[in-house]
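Note that the numbering used here numbers the sequence shown so that position 188 is 944, with each residue one more than the last.
For every residue, glycine included, the Cβ atom is placed at its ideal position computed from N, Cα and C.
Computed from a predicted structure; not experimentally measured.
Single-structure report; data block below.
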Amino acid sequence: MIPGIETSLRFLPFDGESASSFAVRLVRFVSPAWEKALRDFVNSDDAVGSVIHRIAIAADIAALAGVDISVVRAGMAIPDPNSGSSIHFGPFILNYDQISQLRRRIAPQVFANDISRKREPFHRSVWTIKALCADPETGELIIQDCPACGAALLWANITEVGRCGSCAQKLWLSPAKTPTGIDRELSSFYGELFHPDEKRRAALRQHLPGELAEWNEAAILEFVDSLATVFSLTPKSVSTVNSSDPNVRINGVRAILGGARVIEESLARPLREAHISSDRLANTITVAQILAIIDRNRSPNVRKYLKNTLAECAL
Ligand SMILES: [Zn+2]
């Protein structure tokens, strides 16, 4: 608790707002000396971004805001009691490493929409999802550098959620950028997977093959990245493929949307190349590489599905 502050107010987060954003707006609202108050509150200079993980201070934030703790926890990444690597974040289940607060990722025209609706710009939890390159609702490209001064947008130097911490630029004044080419194709898939409207999410899942429609988001993200990595393997590449490269990742997205047959083709592709290679060990090495990629997945569903499919195409 911040000493000396009465909490008779009722200060609510917006729908889908991250707890980091809520903490910044709340502390600014209750305390004129907000910068020091926020530092004291989270007990570290850089910790504002990590508030989404600070379950232990949810009760303090709730008490200060005069709201129920569940309201604050809704903007936090809550550890899954059954899995050490998973979190519940809003309606989604993700792995810790699938979200990031290292940068303050934002969409300027979503902020502008907030202002036109007469509400303070706020940071959406969904923007922390690393695979997402555009806002799911508007399709606007998510940025992580200030359009005015070029500095990285950070939580560490935040003054207001809607402004750059380096030059104080009003971020909502920056025009929207729209993803093009491969980024557009990626943002269309991930935007539907993480769309705030449950019906839109369900509609996307109808296009996923078989059991995948029921998997949680963490598993679907892992699956796409594994397929993308395997697809890009060559007999000479020793697992140097980076699945966060859009040119690589798009192959995973196309495969999952293409259905079981295309998924199998993606796994078979490097095996076929190894087969025609002059290197006698190419086949063995490629199978070992694919198995290593599969075993990196945390989801048992993903490992099982990919191993079964690999066994079929290796026959
Ligand atoms: Zn700036």
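Check	Outcome
Given leucine 927 as reference, the closest of Tyr946, Ile862, Trp971 once Cα atoms are compared	Ile862
Which listed residue (Phe845, Val1004, Leu1062, Phe867) has its alpha carbon closest to that of isoleucine 1019	Leu1062
Straight-line gap, alanine 793 to serine 787 (C-alpha atoms, nearest Å)	7 Å
Distance, glycine 1014 Cα to glutamine 857 Cα	32 Å
Glycine 831 vs alanine 775 beta-carbon contact at 8 Å	yes
Serine 943 versus alanine 932 - alpha carbon distance	15 Å
Contacts around leucine 1027, its chain only, beta-carbon distance under 8 Å, and the 5 residues preceding and following it disregarded	Asn1039, Thr1042, Val1043, Ile1046, Cys1069, Ala1070
Proximity of phenylalanine 950 and proline 892 at Cβ, strictly below 8 Å	yes
CB-CB length for arginine 829 against alanine 812, believed under 8 Å	No, arginine 829 and alanine 812 are not in contact; Cβ-Cβ is about 11 Å, not under 8 Å.
Neighbourhood of ligand 1 [Cβ distance below 6 Å to any heavy atom], ordered by chain position	Cys902, Ala904, Cys905, Ala907, Cys920, Ser922, Cys923, Gln925
Spatially closest choice to asparagine 851 from Pro877, Phe867, Thr884, Phe878, by CA coordinates	Thr884
Stretch-stretch touch, CB-based, cutoff 8 Å, three pairs: the segment 860-875 with the segment 903-912	yes
Boundaries (first-last residue) of the beta strand (DSSP E) holding serine 842	842-845
Simplified DSSP assignment, three categories, for glutamate 973	helix
For glutamate 1021, the three-state DSSP class (helix, strand or coil)	helix
Backbone secondary structure at phenylalanine 878 - three-state DSSP	coil
Neighbourhood of glycine 760 by C-beta, 6 Å cutoff - its chain only, sequence neighbours within 5 removed	Any reading at glycine 760 is ruled out, since the residue's pLDDT is 45, under 50, leaving its predicted position unreliable.
Where the alpha helix (DSSP H) containing alanine 819 begins and where it ends	814-821
Pick from Ala890, Ala1067, Ile914 that is closest to glutamate 941, judged by C-alpha positions	Ala890
Where proline 864 sits in the DSSP three-state scheme	helix
Whole-angstrom C-beta distance between glycine 846 and phenylalanine 767, which should lie under 8 Å	Not confirmed; about 20 Å, so no contact.
Euclidean distance between Cα positions of arginine 1054 and serine 999	16 Å
Inter-residue Cα distance where the pair is histidine 1031 and tyrosine 946	34 Å
Beta-carbon proximity check, leucine 964 vs isoleucine 1012, cutoff 8 Å	yes
Short CB-CB distance (under 8 Å) between aspartate 1035 and chain C	The structure shown contains no chain C; it is built from a single protein chain.
Identity of the residues DSSP links to phenylalanine 979 by a beta bridge	None; phenylalanine 979 has no bridge partner.
Distance, glutamate 1029 Cα to aspartate 1035 Cα	11 Å
Close beta carbons around phenylalanine 867, own chain, < 7 Å, minus the five adjacent residues each side	Pro877, Gly918, Leu927, Trp928
Beta-carbon proximity of arginine 1088 to valine 980, cut-off 8 Å	There is simply no residue 1088 to check, as the chain begins at 757 and stops at 1071 in what is shown.
Cutoff 6 Å; reference proline 864; Cβ partners in own chain excluding five residues on either side	Leu927, Trp928, Ser930
Continuous alpha helix (DSSP H) stretch holding isoleucine 1072: start and end	A query on residue 1072 cannot be resolved here, the shown segment of the chain reaching from 757 to 1071 and no further.
Opening and closing residue of the beta strand (DSSP E) in which leucine 782 lies	Per DSSP, leucine 782 belongs to no beta strand (DSSP E); it is in the alpha helix (DSSP H), 775-786.
Minimum C-alpha distance to aspartate 816 - residue among Pro835, Ile938, Val783	Val783
Run of the beta strand (DSSP E) containing proline 1002, from where it starts to where it stops	From DSSP, proline 1002 is part of no beta strand (DSSP E) but of the alpha helix (DSSP H) over 1002-1014.
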